[in-house]
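First comes the structure, then the notes that go with it.
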Amino acid sequence: MLSGVLDKGEQHALLLSTLAGLSTSIGGAIAIVKKPGNDLLSFLLGVAIGVMATLSILEMWLHNALEHGPIAITAATAAGVALYYIAQPYFPDFETHQATPHTASSDKAALVAGQQQDAKGDTPQKRAATARSAELLRLGLLMALTMTLHNFPEGFAVAFSSFTSIGPVMAIAIAVHNIPEVPPLS
């Protein structure tokens, strides 16, 4: 099917990249079969953060600082942080609830009882649930964007390495790396 469009090497690169990327689905299946509890989730997130921080500092920053000098790499890192802080207010905010002032004592008593309704008839519990849903939607979209940006260069790494002798090893390494990424996110 792709033989007319891609040569054998390109087909091999596409196959390895696809298989490495699909390994994320294995992590998703694991998360569906056995939803991790809070303890395991905390442990997995802690390990993931520790590994990523270690790799970011030792492999990326330190290696590049030794090769190109610490000032340039620190400036590039600071520019990335600044870009995030500049872009962050433009990320969608799906919170639509608004607080309404309550002044009457009967309103306060009803609020304490959990029965205070706004003009739409929403109770504080319903507004809190709506706000939580909005937060989860925003987090989900941000995670989808983050995972896409994270996995995109991995696909390039596997594809480019597939033209060398380490291609299959790189694909397996990325696949093994991708599997435990999903359960903490689910």
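In this text, residue positions in the sequence shown follow my numbering: the first is 425, and each later residue adds one.
Every residue, glycine too, gets a C-beta built ideally from N, C-alpha and C.
For clarity, every value in this text was computed on a predicted model and none was experimentally measured.
Rounded to the nearest angstrom, the gap between the Cα atoms of Phe580 and Ser586 is 10 Å. Of Gly433, Ser447, Leu440 and Thr501, the smallest CA-CA separation from Ala595 is found for Leu440. Judged by DSSP in its simplified three-state form, Asp431 adopts coil rather than helix or strand.
The alpha-carbon of Ala499 is positioned some 29 Å away from that of Leu565. Rounded to whole angstroms, the Cβ separation of Leu438 and Leu446 is 12 Å, and the two are not in contact under 8 Å.
The beta carbons of Ala455 and Ala599 sit about 16 Å from each other, so the pair does not count as a contact at 8 Å. Of the other Cβ atoms in all chains shown, 16 or more fall within 10 Å of the Cβ of Thr448; this residue is therefore buried.
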